[in-house]
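Just so you know, we're using the numbering used here here: the sequence shown kicks off at 8 and counts up by one. Cβ atoms here follow ideal geometry from the backbone N, Cα and C, with glycine treated the same way.
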Amino acid sequence: MKQRSCKMGAMDKVKTLDGDAEFPCYVAKPEGEASAAIIVIQEIFGVNKGIKAKCDHWASLGYLALAPDLYWRINEGTDLDADIEAEFQTALDLMGKFDQDQGIRDIEAAIHFAQQAVGSHKVGCVGYCLGGRLAFMTACRTDIRASVGYYGVGIDGLLGEKHAISHEVMLHIPTADGFVSSEAQAAMHTGLDDHTKVTLHDYEGLDHGFAAEFGKRRDENAATLADRRTEAFFAEHLA
């Protein structure tokens, strides 16, 4: 998809599924009408500058892009830096308190918001780290039209839900991921390689977080390759 200008993103509010509350969501809009939308699912560090930058990039490609603040029930406005040890530890603590099943319901609310905004079901999601796991869960539990997970953690423990995947999924797997063992990676391949809706890409010798927008974790070549694959994936499945 051709890059174009986008409006500056801003925080907005999205209603929960039952409509009794609203939660924060970063929303980036393209110039002109968006015919498709992408939900950007946060890492354990919240909706920080890296996640907002990813939304802005998708908006520059013509998508409505939004990143729900999934920690809003436990710590609204989380914005942490993976390269600062104290903030990394705070992120781990928040992840331990986070209700992932509730998080999927909030992602589903964001999907509904996006569907209404673009006037169609052409909504995909892309997640990183915790968000990579949640992207896989979203593919299993909602009507999302395309899902991408970068270095998702614990997906091997979710393979019992793979029968519920009805739309395309892509997973980016760094083989030296310090949070996903080689045994877990092997289980993902064994469980998903023959699934007609799922594509797995391995990145040899790469570690967790290689596609982070900012900071020490980023590997420029691998991030560029993975992001190009993701862009082509959404261009095909959200067309």
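Taking C-alpha atoms, which residue in the options lies nearest to residue i?
{"i": "D90", "options": "V21, K129, L166, E220", "result": "E220"}
{"i": "C132", "options": "V155, E115, V125, W79", "result": "V155"}
{"i": "L73", "options": "K59, T85, S67, N82", "result": "K59"}
{"i": "V205", "options": "A43, S189, H174", "result": "H174"}
{"i": "D88", "options": "I111, D106, Q49", "result": "Q49"}
{"i": "H170", "options": "G26, T149, Q107", "result": "T149"}
{"i": "L77", "options": "F143, A193, I51", "result": "I51"}
{"i": "R140", "options": "D163, I45, F120", "result": "D163"}
{"i": "G159", "options": "S188, M144, L137, I172", "result": "L137"}
Using the C-alpha atoms, what's the distance from residue j back to residue i?
{"i": "M8", "j": "A41", "result": "Residue placement at M8 is poorly supported in this model, since its pLDDT is 49, which falls under 50; the coordinates still yield a value, given next. Going by the C-alpha atoms only, they are around 12 Å apart."}
{"i": "F240", "j": "M177", "result": "8 Å"}
{"i": "G126", "j": "G134", "result": "23 Å"}
{"i": "A146", "j": "N228", "result": "28 Å"}
{"i": "I111", "j": "L24", "result": "10 Å"}
{"i": "V47", "j": "T197", "result": "27 Å"}
{"i": "L166", "j": "D201", "result": "13 Å"}
Please state the DSSP three-state secondary structure of residue i.
{"i": "T149", "result": "coil"}
{"i": "I46", "result": "strand"}
{"i": "L73", "result": "strand"}
{"i": "K61", "result": "helix"}
{"i": "F30", "result": "strand"}
{"i": "M8", "result": "Caution is warranted here: a pLDDT of 49 is assigned to M8, below 50, making its placement in the model unreliable, and the coordinate value is therefore given only provisionally. Correct three-state label for M8: coil."}
{"i": "K56", "result": "helix"}
{"i": "A89", "result": "coil"}
Write down the C-beta distance between residue i and residue j rounded to the nearest angstrom, noting that I regard them as a contact closer than 8 Å.
{"i": "A183", "j": "L213", "result": "6 Å"}
{"i": "N82", "j": "L101", "result": "6 Å"}
{"i": "H208", "j": "R152", "result": "H208 to R152, Cβ: 20 Å. No contact."}
In the region 167 to 217, which residue ranges form an unbroken beta strand (DSSP E) of at least 3 residues, counting only runs that do not cross its ends? 175 to 181, 205 to 210
What runs of the alpha helix (DSSP H), each 4 residues or longer, lie entirely inside the region 96 to 150? 107 to 125, 137 to 148
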